[in-house]
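Enquirer:
Protein chains: 2
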Amino acid sequence: MKIGIFDSGVGGLTVAKEIKNLLPNQPIIYFGDTARTPYGTKSRETLLTYAKEDASFLLAQGAGLIVIACHSAASTATDVLKQSLDVPVFEVVTPSINQALALTRSRRIGLIGTRATVSSGIYEQKIGALEPQARVIGQPCPLLVPLVEEGWLNARETRMIVKKYLRPLKQQKIDTLVLGCTHYPLLKKMIQEKIGKRTAVVDPSLEVARAVKKYLLENGFVSNGREQDKYFVSDIGPATEDIVRRFMGRKIELVKV
Amino acid sequence: MKIGIFDSGVGGLTVAKEIKNLLPNQPIIYFGDTARTPYGTKSRETLLTYAKEDASFLLAQGAGLIVIACHSAASTATDVLKQSLDVPVFEVVTPSINQALALTRSRRIGLIGTRATVSSGIYEQKIGALEPQARVIGQPCPLLVPLVEEGWLNARETRMIVKKYLRPLKQQKIDTLVLGCTHYPLLKKMIQEKIGKRTAVVDPSLEVARAVKKYLLENGFVSNGREQDKYFVSDIGPATEDIVRRFMGRKIELVKV
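In structure tokens form, the structure reads like this:
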């Protein structure tokens, strides 16, 4: 079974990478919507349109399962895609919520992400349904994506900005923090350092990869083949290939569609 | 004559504002492509497609003149639009170049902008044609747009990042600096401070407004009417209205198309 992964751009490669780590022989088809990236500043209505188009593309390429790697799309379009598609739909929000609820003791959970993700209210809603006494403290961090894409992973400026964004979450005494954006795993160490050792950090890329693996194992869909992975994007901009190398740790061939 | 202005998003409002300052009674039609913003990370091919669509929309709305407010689009799509459209096309690059060449003594001109603008090579090409001994020193500044959109106009982090970006230009001893992105006029004071008093700063929003006014005066197209300005966008995201207020200094009504 081919795993179709879509994202607003190249950030979802953190998800692709974790899936390949756990399922090295499972063929993946990636689609990054780099011609319209980012999704995190856009409206719910626009995100729904884009997410439907992205999923259709992956199905047309033969995907038997869809992973929504983009948190902004997952936060707004999951229910619609689950209803309208005939294949299983996985996404980064649900497994992260399960992991956050498993880890928290104080039931004060922090969420960092784009404005679209934080303002969607999906974490509050889903966590509230499972654990009514838990509280979600959201913090939009719009500068972290451009800082990662600029490659300033260890810059002093990045440290200061991460610290500034996390301050309200520390003051709110969260004990668990969800990295609600595909780019944030590249800043995981810095974020862990700034939020403090006693706060558990949930990495959705890893959690969704685990959920996909569990599903494939339980249903006998794990591949042993050697089919080629495919990485499609809707645009290749002046820095796209550099950014991809930073995410994957190696050069990969991008196909523009 | 209605002035049609298009931009990748809301940054072009700095251009709209300068045009309204110089031509208060001239009706404007603005289109901001917020559903696909930003343009500065995208390829030449994709920018050409978007620019053609944006200009067509403005013509369909009755624009008699097109202003390309987006530097990334102006850097890549001006020639194509000039050839294919029957109306005059103004853009932010040409008048800025003329002003920079008028101001420079050392003929060492700095350019800050998005990656698409800086890597287009248009400034080098056009300046080289007019003044072969002049040199353009370009510096992409991808973090400045998100810093402006986050509203961190006076933040310490913004100061540090501006200083870092401008350092190579100072070392190269430029005496004139072009603000090659619609968002940068909001950081003009800080940029002037960091680059030093002796460097002239060229604001393309103002230069293109002057060029449009000159054309309208010379051709008898200046309006005295009271027609309503119209501001169209392709999406209204969670922060769009706040950002618009920051650019215009007041609330304006956006129409989503």
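Going down the list, the sequences are from chains R and G.
The first sequence begins at 867 in my numbering and counts up one residue at a time.
The second sequence begins at 867 in my numbering and counts up one residue at a time.
For each residue, glycine too, the CB sits at the ideal point set by N, CA and C.
1) Would you call the stretch 1051 to 1061 of chain G in contact with the stretch 1004 to 1020 of chain G, where contact means no fewer than 3 C-beta pairs closer than 8 Å?
2) Listing by chain order, which chain G residues have their CB less than 7 Å from the CB of A940(R)?
3) Which of the residues in the stretch 952 to 981 of chain G, read from start to end, lie with their CB under 8 Å from any CB of chain R?
4) Would you mind telling me which residues of chain R sit closer than 9 Å to M1026(G), beta carbon to beta carbon, in chain order?
5) Just curious, the beta strand (DSSP E) that L977(G) is in, first and last residue?
6) Return the first residue and the last residue of the alpha helix (DSSP H) that A921(G) is part of.
7) Bridge partners for G898(R) per DSSP, in chain order?
8) Distance check for T942(G) and V1121(R), CA to CA, integer angstroms please.
9) Given a cut-off of 7 Å, decide if L925(R) and I895(R) are closer than it, judged by their beta-carbon atoms.
10) Quick one: any contact between the stretch 1040 to 1048 of chain G and the stretch 1062 to 1080 of chain G, if contact means 3 or more CB pairs under 8 Å?
11) Would you please state the rounded distance, in angstroms, between the beta carbons of L879(G) and F1113(G)? I believe it to be under 8 Å.
12) So is K992(R) buried or exposed if we call it buried at 16+ other beta carbons inside 10 Å?
13) From I885(R), P1006(R) and K918(R), pick the residue whose C-alpha is nearest to that of K1080(R); which is it?
14) Since S909(R) meets chain G, which of its residues come closer than 9 Å, beta carbon to beta carbon?
15) At the level of alpha carbons, what is the spacing between Y989(R) and K883(R)?
16) Where does T1042(G) fall in DSSP's three states?
17) Mind listing the chain R neighbours of P1008(G)? Cutoff is C-beta to C-beta under 9 Å, in chain order.
18) Against chain R, does S985(G) count as a neighbour if the rule is that its beta carbon must be under 7 Å from one of theirs?
19) Roughly how far, in whole angstroms, is the beta-carbon of G987(G) from the beta-carbon of L1035(G), given that I think they are within contact range, below 8 Å?
20) Any C-beta of chain R sitting closer than 7 Å to the C-beta of T1048(G)?
21) Are the CB atoms of N891(R) and S1089(R) nearer to each other than 7 Å?
22) By the DSSP assignment, the beta strand (DSSP E) with F956(R) in it spans what residues?
23) Using the Cα positions of D899(R) and G906(R), report the straight-line distance between them to the nearest angstrom.
24) When the Cα atoms are used, what is the spatial distance from S950(R) to A901(R)?
25) Measure the alpha-carbon distance for S938(R) versus C1047(R) and round it to whole angstroms.
26) Going along the chain, which residues of the stretch 871 to 895 of chain G sit with their C-beta nearer than 8 Å to a C-beta in chain R?
27) Give the list of continuous beta strand (DSSP E) stretches no shorter than 3 residues that lie fully inside the stretch 1014 to 1071 of chain G.
28) What does I1003(R) pair with, by DSSP beta-bridge criteria?
29) Name the chain R residues that come within less than 7 Å of T944(G), Cβ to Cβ?
30) Give the C-beta separation of F956(G) and L931(G) to the nearest angstrom, bearing in mind that I take them to be a contact with Cβ-Cβ under 8 Å.
31) Given that T839(G) touches chain R, what residues does it touch there, using C-beta distances under 7 Å?
32) What does the Cβ neighbour count give for P998(R), buried or exposed, with the cut at 16 atoms within 10 Å?
33) Can you grab the Cα-Cα spacing for the pair V953(G) / V1078(G), in whole Å?
34) Under a Cβ-count criterion, where at least 16 other Cβ atoms within 10 Å of its own Cβ denotes burial, should Q1038(G) be classed as buried or exposed?
35) Could you tell me the alpha carbon to alpha carbon distance between Q1005(R) and I1061(R), rounded to whole angstroms?
36) Can you give the beta carbon distance from A966(G) to L947(G), rounded, assuming they're within the 8 Å contact cut?
Expert: Here's the rundown:
1) Of all C-beta pairs linking the stretch 1051 to 1061 of chain G to the stretch 1004 to 1020 of chain G, three or more are shorter than 8 Å, placing the two stretches in contact.
2) Stepping through the first sequence from its first residue, residue 940(R) is reached at position 74. Within chain G, not a single residue places a beta-carbon under 7 Å from that of A940(R); the smallest gap is close to 16 Å.
3) Interface annotation for the stretch 952 to 981 of chain G against chain R: R981, criterion Cβ-Cβ distance under 8 Å.
4) The residue given as residue 1026(G) occupies position 160 in the second sequence. The contacting residues are R1022, E1023 and M1026.
5) What you label residue 977(G) is simply residue 111 of the second sequence in a count that begins at 1. That run of the beta strand (DSSP E) goes R974 to G979.
6) Residue 921(G) sits at position 55 when you count from the first residue of the second sequence. Unbroken alpha helix (DSSP H) run through A921(G): R910 to A926.
7) On the first sequence, residue 898(R) is found 32 positions in, with the first residue counted as 1. In DSSP, G898(R) forms a bridge with D873(R) and V1099(R).
8) Taking the first residue of the first sequence as 1, we reach residue 1121(R) at position 255. Taking the first residue of the second sequence as 1, we reach residue 942(G) at position 76. Computed Cα separation, rounded: 22 Å.
9) Walking along the first sequence from the start, residue 895(R) turns up at place 29. Walking along the first sequence from the start, residue 925(R) turns up at place 59. Taking 7 Å as the Cβ cut-off, I895(R) and L925(R) do not qualify as a contacting pair.
10) Yes, since at least three Cβ pairs between the stretch 1040 to 1048 of chain G and the stretch 1062 to 1080 of chain G fall closer than 8 Å, the two stretches touch.
11) Against the second sequence, residue 879(G) aligns to sequence position 13. Against the second sequence, residue 1113(G) aligns to sequence position 247. L879(G) to F1113(G), Cβ: 4 Å. Contact.
12) The residue labelled residue 992(R) in the question sits at position 126 within the first sequence. Buried: at least 16 other Cβ atoms inside 10 Å.
13) Here residue 1080(R) refers to the residue found at position 214 when the first sequence is read from its first residue. When I885(R), P1006(R) and K918(R) are compared, the shortest CA-CA separation from K1080(R) is found for I885(R).
14) Start at 1 with the first residue of the first sequence, and residue 909(R) comes out as number 43. Here the neighbours are T900, A901, D1101, I1102, G1103, P1104, T1106 and K1122.
15) In the first sequence, the residue the question calls residue 989(R) occupies position 123. In the first sequence, the residue the question calls residue 883(R) occupies position 17. Answer to the nearest angstrom: the Cα atoms are 24 Å apart.
16) As a working mapping, residue 1042(G) is identified with position 176 in the second sequence. Correct three-state label for T1042(G): strand.
17) Taking the first residue of the second sequence as position 1, residue 1008(G) is located at position 142. Within chain R, the residues near P1008(G) are P1012, E1015, E1016 and A1105.
18) Position 119 of the second sequence holds residue 985(G). With 7 Å as the cut-off, S985(G) counts as an interface residue toward chain R.
19) Stepping through the second sequence from its first residue, residue 987(G) is reached at position 121. Stepping through the second sequence from its first residue, residue 1035(G) is reached at position 169. Their Cβ separation, rounded to whole angstroms, is 17 Å, which puts G987(G) and L1035(G) out of contact at 8 Å.
20) Start at 1 with the first residue of the second sequence, and residue 1048(G) comes out as number 182. T1048(G) does not count as touching chain R.
21) Position 25 of the first sequence, counted from the start, is the residue given in the question as residue 891(R). Position 223 of the first sequence, counted from the start, is the residue given in the question as residue 1089(R). Yes. Within cutoff.
22) Looking up residue 956(R) in the first sequence gives position 90. V955 to E957 is the span of the beta strand (DSSP E), which, as asked, contains F956(R).
23) Within the first sequence, residue 899(R) is the residue found at index 33, counting from 1. Within the first sequence, residue 906(R) is the residue found at index 40, counting from 1. Computed Cα separation, rounded: 13 Å.
24) The residue labelled residue 950(R) in the question sits at position 84 within the first sequence. The residue labelled residue 901(R) in the question sits at position 35 within the first sequence. When the Cα atoms are used, S950(R) and A901(R) turn out to be separated by approximately 25 Å.
25) Stepping through the first sequence from its first residue, residue 938(R) is reached at position 72. Stepping through the first sequence from its first residue, residue 1047(R) is reached at position 181. One C-alpha to the other measures close to 8 Å.
26) Listed by position along the chain: nothing, the set is empty.
27) Annotation note: the stretch 1014 to 1071 of chain G contains the following uninterrupted beta strand (DSSP E) runs of length 3 or greater, listed N- to C-terminal: 1042 to 1046 and 1066 to 1068.
28) Here residue 1003(R) corresponds to residue number 137 of the first sequence, with the count starting at 1. Paired residues: G976(R).
29) Locating residue 944(G) in the second sequence gives position 78, counting from the first residue. Within chain R, no residue has its CB atom less than 7 Å from the CB of T944(G), the nearest being about 18 Å off.
30) The residue labelled residue 956(G) in the question sits at position 90 within the second sequence. The residue labelled residue 931(G) in the question sits at position 65 within the second sequence. Yes, F956(G) and L931(G) are in contact; Cβ-Cβ is about 7 Å, under 8 Å.
31) Because chain G here runs from 867 to 1123, residue 839(G) falls outside it and cannot be looked at.
32) Counting from 1 along the first sequence, the entry for residue 998(R) is found at position 132. By the neighbour-count rule (16 or more Cβ atoms within 10 Å), P998(R) is not buried but exposed.
33) Sequence index remark: in the second sequence, residue 953(G) carries index 87 (1-based). Sequence index remark: in the second sequence, residue 1078(G) carries index 212 (1-based). Between the alpha carbons of V953(G) and V1078(G) lies a gap of roughly 13 Å.
34) Numbered from 1 along the second sequence, position 172 holds the residue referred to as residue 1038(G). Around the CB of Q1038(G), fewer than 16 other CB atoms lie within 10 Å, so the residue is classed as exposed.
35) As a working mapping, residue 1005(R) is identified with position 139 in the first sequence. As a working mapping, residue 1061(R) is identified with position 195 in the first sequence. Just so you know, the alpha carbons of Q1005(R) and I1061(R) end up roughly 13 Å apart.
36) In the second sequence, the residue the question calls residue 966(G) occupies position 100. In the second sequence, the residue the question calls residue 947(G) occupies position 81. That pair is no contact at about 22 Å.
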